[in-house]
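Just below is one structure, and these are the notes that go with it.
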Amino acid sequence: RFIHRLNGLFLTGIDVGTTIQDMVLMRMETPYVVTVPESLGGPGNSAVATSFGIFQGIRACLKEVFGNPLPQGRTVAVQGIGAVGDELVKYLLNAGAVVTVADIDQQKVDTLASEYRVNIVPPEKIHTLDVDVYSPCAMGAVLNEHTIPELGCKIVCGSANNQLATEQDGDRLAQRGILYAPDYIVSAGGVISGLDSLQPGGFNRQRAMDTVSHIYRTMGNVIAISKEQGIPTYRAADVLAEQRIATVRQVKSLAT
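Just so you know, we're using this note's numbering here: the sequence shown kicks off at 2 and counts up by one.
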């Protein structure tokens, strides 16, 4: 009801701690809830789009570090086998990557391992592995002064929110030569998918996923800004976001 009083200035959707059924109940009070089932004109499970966006971010980072965006033969450590992590593993395996997983819920790990060819390590070891990509897909603040010195990866790209415990940790990653994909850049797939439901005619899955695939290009732009301005990628992402906001404001001012 509070969201409804904002009259569209704020939209919400599913995230950690909520379910699709919660979104259905909220939709009864306001139309400004975007991640609802397809039967209600929404995208349904937003984890599919979110994980696809992470996959595109990984591809962009692989292109920068190795000169080739193809995940085939690359090693990836996925931390957290929730809705997004589970879907991401499938994208990676289908693309030929070698995947190692960890989760505090051993049943999730066992279920995944019974269906797919993945390696398993204890949760406290996953970030230390000597891999091409470390993909944190659980809780935030996993990149901090204690874990960063232990990282064995060349790239960090995952869906966990607020992965950097502090801004200084973004600097620490850069100093170590580790390419960091800012979480709000590569995790945008779910939001993009949800916003597609506001298009005339309602949600179109192919159109939504096509838009999500542009995260590859967006991450490439972040990397380019980082190199051009000599700043870490977490700062470059903010620069790009501020540029987009300024552009929208300019367009709106011209329209009025």
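In this text, a Cβ means the ideal position worked out from N, Cα and C, and glycines have one as well.
Element boundaries [beta strand (DSSP E), containing residue i]
i      : result
Ser136 : 134-137
Val49  : That residue, Val49, is in no beta strand (DSSP E); its alpha helix (DSSP H) goes 48-67.
Chain C within 7 Å of residue i, Cβ atoms only
i      : result
Lys253 : No chain C appears in the structure shown, which is made up of a single protein chain.
Buried versus exposed, by CB contacts within 10 Å (16 or more), residue i
i      : result
Ala209 : buried
Gly231 : exposed
His215 : exposed
Val35  : buried
Gly54  : buried
Ala225 : exposed
Gln57  : buried
Asp87  : buried
His147 : exposed
Asp104 : buried
Ala247 : exposed
Asp131 : exposed
Thr167 : exposed
Asp16  : exposed
DSSP-derived helix/strand/coil call for residue i
i      : result
Tyr117 : coil
Ala78  : strand
Tyr181 : strand
Leu12  : coil
Val1   : In the structure displayed, the chain extends from 2 to 257; residue 1 sits before or after that span and is not available.
Leu165 : strand
Bounding residues of the alpha helix (DSSP H) (the contiguous stretch that carries residue i)
i      : result
Ile207 : Looking at the sequence shown, residue 207 is not Ile but Gln. Here the alpha helix (DSSP H) through Gln207 covers 206-213.
Val122 : From DSSP, Val122 is part of no alpha helix (DSSP H); its letter is neither H nor E.
Tyr92  : 84-95
Glu168 : 168-176
Ser194 : 190-197
Gly221 : 216-230
His5   : 3-6
Met1   : Residue 1 cannot be examined here, being either before or after the span of the chain that is shown, 2 to 257.
Any non-hydrogen atom of the ligand GDP within 6 Å of residue i CB
i     : result
Gly81 : Absent from the structure shown: the ligand GDP. Ligands present: none.
For residue i, the residue or residues it bridges with in DSSP
i      : result
Thr101 : Ala78, Asn120
Leu41  : None; Leu41 has no bridge partner.
Ile156 : Val134, Leu180
Leu71  : DSSP output for Leu71 lists no bridge partner at all.
At least three beta-carbon pairs within less than 8 Å, the region 32-51 to the region 187-198: yes
May I ask you to verify whether the region 199-207 touches the region 174-187, counting CB pairs closer than 8 Å and requiring at least 3? no
How do the region 75-84 and the region 133-152 stand: do at least 3 beta-carbon pairs fall below 8 Å, yes or no? yes
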